[in-house]
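> Quick one: structure below, then a few questions.
Residue numbers (the working numbering): 180 to 392.
This is the structure:
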């Protein structure tokens with residue numbers, strides 16, 4: 180099981196999301212999303228993330244470089260995992276349920292509180308709106324484009340949207356980070372922490388790693 184420590188960078192809350200990249204690159208904690216769990220899907224784009232927190236929010240900066248780019252979905256709550264997508268799943272240590280936060284490359288979000296892959300309660304419109312997002316790409320949907328593309332996405336997720344009390348954060352939470360693009364010319368299902376399942380499935384909190392806050 181992988182572990183990471185989330186640095187505390189309170190300055191992030193006073194900066195515009197479009198300008199926090201340099202600070203996160205310098206002072207956040209960096210990890211790679213590079214585990215191929217299913218050999219029938221060997222393609223692996225370059226995917227890394229920087230992570231840090233403030234008192235109120237968790238910040239994740241994704242950088243991706245890969246062989247195609249797709250962003251069909253413009254509005255929150257839609258299946259962005261079929262686009263060029265990055266994901267963060269988390270849960271509290273003693274909670275059997277978990278949250279999934281999925282973002283396509285233009286920043287469209289799908290997120291729910293889940294018991295399983297099929298049983299979920301989607302975030303409200305207000306909760307979706309509270310999640311800050313900045314993409315290096317314009318928020319304009321487009322069909323798949325092949326070729327070598329690089330993109331960056333920064334998200335700021337309020338702890339309250341994760342079911343956490345920001346005034347009483349736990350020592351650690353459990354989580355995993357993913358890179359996928361189901362309905363593209365290069366389908367892939369890559370994770371930060373390894374997953375031991377017979378077929379692609381990110382909805383498996385038993386394979387979450389440890390994130391120390």
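We put the CB at the ideal spot given by N, CA and C, even for glycine.
For clarity, every value in this text was computed on a predicted model and none was experimentally measured.
1. Distance check for residue 333 and residue 312, CA to CA, integer angstroms please.
2. Give me, in chain order, the residues of the same chain whose beta-carbon lies closer than 7 Å to that of residue 234; leave out the 5 immediate sequence neighbours on both sides.
3. What is the C-beta distance between residue 367 and residue 252, in whole angstroms, given that I count them as a contact (C-beta under 8 Å)?
4. Would you call the CB atoms of residue 143 and residue 247 closer than 7 Å?
5. From the DSSP output, read off the bridge partner residues of residue 352.
6. Counting only runs of 3+ residues fully inside the segment 209–286, write out the beta strand (DSSP E) ranges in chain order.
7. What are the boundary residues of the alpha helix (DSSP H) that residue 200 is part of?
8. How far does the beta strand (DSSP E) with residue 335 in it reach, from first residue to last?
9. Would you mind sorting residue 238 into buried or exposed? The rule is 16 or more other CB atoms within 10 Å of its CB.
10. Would you tell me roughly how many angstroms separate the C-alpha atoms of residue 383 and residue 197, rounded to the nearest one?
11. Bridge partners for residue 289 per DSSP, in chain order?
12. Would the beta-carbon of residue 266 fall within 7 Å of that of residue 357?
13. Do the CB positions of residue 370 and residue 214 come within less than 7 Å of each other?
14. Specify the secondary structure class of residue 193 as computed by DSSP and reduced to three states.
15. Using only alpha-carbon positions, find the residue among 200, 194, 216, 182 that is nearest to residue 377.
16. Using the Cα positions of residue 187 and residue 373, report the straight-line distance between them to the nearest angstrom.
17. Could you tell me the alpha carbon to alpha carbon distance between residue 323 and residue 241, rounded to whole angstroms?
18. Tell me, which residues are paired with residue 312 by DSSP?
Judging by the given coordinates:
1. The residue given as residue 312 occupies position 133 in the chain shown. The residue given as residue 333 occupies position 154 in the chain shown. Residue 312 and residue 333: Cα-Cα distance of roughly 6 Å.
2. By 1-based counting over the chain shown, the position of residue 234 is 55. Cβ within range, chain order: 189, 345.
3. What you label residue 367 is simply residue 188 of the chain shown in a count that begins at 1. What you label residue 252 is simply residue 73 of the chain shown in a count that begins at 1. Wrong, their Cβ atoms sit about 18 Å apart, outside the cutoff.
4. An answer regarding residue 143 cannot be provided, because it is not within the stretch 180 to 392 covered by the chain.
5. Here residue 352 refers to the residue found at position 173 when the chain shown is read from its first residue. Note: residue 352 sits in a beta bridge opposite 390.
6. For the segment 209–286, whole beta strand (DSSP E) runs of length 3 or above, ordered along the chain, are 225–232, 236–250, 264–270, 277–283.
7. Numbered from 1 along the chain shown, position 21 holds the residue referred to as residue 200. Per DSSP, the continuous alpha helix (DSSP H) segment holding residue 200 begins and ends at 200–206.
8. In the chain shown, the residue the question calls residue 335 occupies position 156. Counting along the chain, the beta strand (DSSP E) containing residue 335 begins and ends at 321–337.
9. Numbered from its first residue, the chain shown carries residue 238 at position 59. Under this definition residue 238 is a buried residue.
10. For this step, residue 383 is matched to residue 204 along the chain shown. For this step, residue 197 is matched to residue 18 along the chain shown. If I take the Cα positions, the gap works out to 32 Å.
11. Here residue 289 refers to the residue found at position 110 of the chain shown. The beta-bridge partner set that DSSP reports for residue 289 consists of 281.
12. As a working note, residue 266 is residue 87 in the chain shown. As a working note, residue 357 is residue 178 in the chain shown. Contact flag set, yes.
13. In the chain shown, the residue the question calls residue 370 occupies position 191. In the chain shown, the residue the question calls residue 214 occupies position 35. It is a contact, given that the beta carbons lie within the stated cut-off.
14. Translated into positions along the chain shown, residue 193 becomes position 14. Helix, per DSSP.
15. As a working mapping, residue 377 is identified with position 198 in the chain shown. Closest by alpha carbon: 216.
16. Here residue 187 corresponds to residue number 8 of the chain shown, with the count starting at 1. Here residue 373 corresponds to residue number 194 of the chain shown, with the count starting at 1. Cα-Cα distance, rounded: 26 Å.
17. Within the chain shown, the letter at position 144 stands for residue 323. Within the chain shown, the letter at position 62 stands for residue 241. The alpha-carbon atoms of residue 323 and residue 241 are separated by roughly 20 Å.
18. As a working mapping, residue 312 is identified with position 133 in the chain shown. In DSSP, residue 312 forms a bridge with 334.
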